Every structure is written in structure tokens, then in C-alpha cells.
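Input: a single structure, listed below in C-alpha cells.
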Amino acid sequence: MSAFSVKEVRKIAKLASLELTSEEEQEFAQQFGTILEYFERLNAVELPENSEALNPILAPRVREDRAVDSPVTPEQFSPYLENRFFKVPRVIDA
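When you number the sequence shown by numbering that gives the first Met the number 0, it's gap-free, plus one each residue, and the end is 93.
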């Protein structure tokens, strides 16, 4: 397991303006160490050199985005339309 010290936890807690008990510091040190171990395992995985599937920039796009007009008009959404704005019941008394 990757070593993550209590001293490092204290530094992170200070940067985040958190007050931790010594038990919490120990627990977080263990949890951060476990997280770092997972990243080390991911880094150890052998991957093909030029795989398009692994590079989202090289992967083909599904379709080109383009704007289209909606077949639905605002009047179809609500009968309470006035000057392009929807009229709704008042919820805040002025």
C-alpha cells in the first residue's frame, strides 16, 4: 500500500481549513494511501501504443452538431403567453 503520512493529512486539512481529530487523521491517511494504491495499479496496466479507443481526441465523432428550428411553437407549450413570455401564477407577494 502507498504510504500517506499523517503529516500530509494535516497539511491538506490546514489548506482546506478543516479541524481533524487524531483518529480522523489516521483514518484519512489510510484512505488516501488506498486511493494512491489504486492509481499505481492503473498506471501499471499495459496499454496499446496507438489505440484510438483510448484517446477521445482521435476517436471518431458520432455526428456533427448543428442547430435546428423546433417544430413546436411557444404557444403550444402554454396558452398563457404574452409578448413571447409565459404568464405564471404569482408566487411572491410584493
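Using N, Cα and C, we set each Cβ at its ideal position, and we do this for glycine too.
Predicted, not measured: the structure shown is a model, and the values here were computed from it.
Cα-Cα separation between residue i and residue j, rounded to whole angstroms
| i | j | result |
| --- | --- | --- |
| F31 | E48 | 30 Å |
| R62 | L35 | 37 Å |
| L17 | E45 | 39 Å |
| E26 | V90 | 48 Å |
| L41 | R83 | 54 Å |
| K10 | A43 | 28 Å |
| A15 | Y37 | 24 Å |
| A66 | T72 | 16 Å |
| T33 | D92 | 54 Å |
| D68 | E7 | 55 Å |
Cβ neighbours of residue i in the same chain (closer than 7 Å, five flanking residues each side left out)
| i | result |
| --- | --- |
| F85 | S77, Y79 |
Beta-ladder partner(s) of residue i, from DSSP
| i | result |
| --- | --- |
| L80 | F85 |
6 Å Cβ shell around residue i - same chain, five flanking residues per side excluded
| i | result |
| --- | --- |
| A12 | L19 |
Assumed close pair residue i, residue j - CB separation to whole angstroms, cut-off 8 Å
| i | j | result |
| --- | --- | --- |
| V5 | E23 | About 10 Å separates the two Cβ atoms, so there is no contact after all. |
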